[in-house]
Amino acid sequence: MDERLGLTSKLAGCIPDARDPARVVHSRLERVRQRVYQMALGYEDCNDAQALRHDPALQVACDLMPHSGSPLSSQPTLCRLENAVDGPRCSCARPPGRDGLGHLGVIVVIGPATLTMRGRRRRLRLRAFAPPIWLGVPHPIL
Numbered sequence: 001m002d003e004r005l006g007l008t009s010k011l012a013g014c015i016p017d018a019r020d021p022a023r024v025v026h027s028r029l030e031r032v033r034q035r036v037y038q039m040a041l042g043y044e045d046c047n048d049a050q051a052l053r054h055d056p057a058l059q060v061a062c063d064l065m066p067h068s069g070s071p072l073s074s075q076p077t078l079c080r081l082e083n084a085v086d087g088p089r090c091s092c093a094r095p096p097g098r099d100g101l102g103h104l105g106v107i108v109v110i111g112p113a114t115l116t117m118r119g120r121r122r123r124l125r126l127r128a129f130a131p132p133i134w135l136g137v138p139h140p141i142l
């Protein structure tokens with residue numbers, strides 16, 4: 001379903017990545033998929049990422065071959081990904097038609113996050129509804 005809709009790949013394109021490409025082990029898409037799929041499985045924070053990074057089913061879902069000797073991202077790596085989701089820098093937070101995900105009628109936020117919009121801090125929570133996904137964000141962001 002994700003590959004058909006391309007949600008995680010579009011989300012990965014919205015998140016800034018200032019890492020040195022020569023030192024990157026896990027792609028941004030792989031990290032986004034791992035985090036989103038962990039949330040879909042009921043793991044609301046990154047605390048279990050260390051154990052789940054060796055899970056063969058999760059590795060296959062994230063396009064990583066099990067038993068290849070390469071585990072998925074660690075808990076600190078996923079925390080850095082979550083910290084990169086910053087409203088002002090993340091193109092997903094832009095209004096519709098401005099390179100965000102608004103044109104899909106979907107906005108996705110990785111985990112609970114706090115961002116500043118128009119000078120006011122907002123707490124975002126992921127809710128599992130059929131598209132469009134509503135995240136407790138005021139309607140103008142859609």
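Here full-length UniProt numbering is used: position 121 in the sequence shown is 121, and no number is missing along the way.
Using N, Cα and C, we set each Cβ at its ideal position, and we do this for glycine too.
Everything numeric in this text was worked out from a predicted model, so none of it was measured.
Go to residue i, then tell me how far its alpha helix (DSSP H) extends in each direction, as first and last residue.
i     : result
MET1  : No alpha helix (DSSP H) holds MET1; DSSP gives it neither H nor E.
GLY13 : 7-14
ARG35 : 28-40
ALA61 : 56-61
LEU78 : 75-84
LEU52 : 49-52
Report yes if the C-beta of residue i is less than 7 Å from at least one heavy atom of the ligand SAM; otherwise report no.
i     : result
GLU30 : Although the ligand SAM was asked about, the structure shown includes no ligands whatsoever.
For residue i versus residue j, is the C-beta distance shorter than 8 Å?
i           : j     : result
LEU29       : GLN38 : no
ARG33       : CYS62 : yes
SER27       : ALA49 : no
ILE15       : VAL85 : yes
residue 143 : PRO66 : Outside the shown range of the chain, which is 1 to 142, sits residue 143, and nothing can be said about it.
Report the CB separation of residue i from residue j in whole angstroms; it is logged as a contact under 8 Å.
i     : j     : result
ARG35 : LEU5  : Their Cβ separation, rounded to whole angstroms, is 17 Å, which puts ARG35 and LEU5 out of contact at 8 Å.
LEU81 : ARG31 : 5 Å
ASP17 : THR8  : Wrong, their Cβ atoms sit about 14 Å apart, outside the cutoff.
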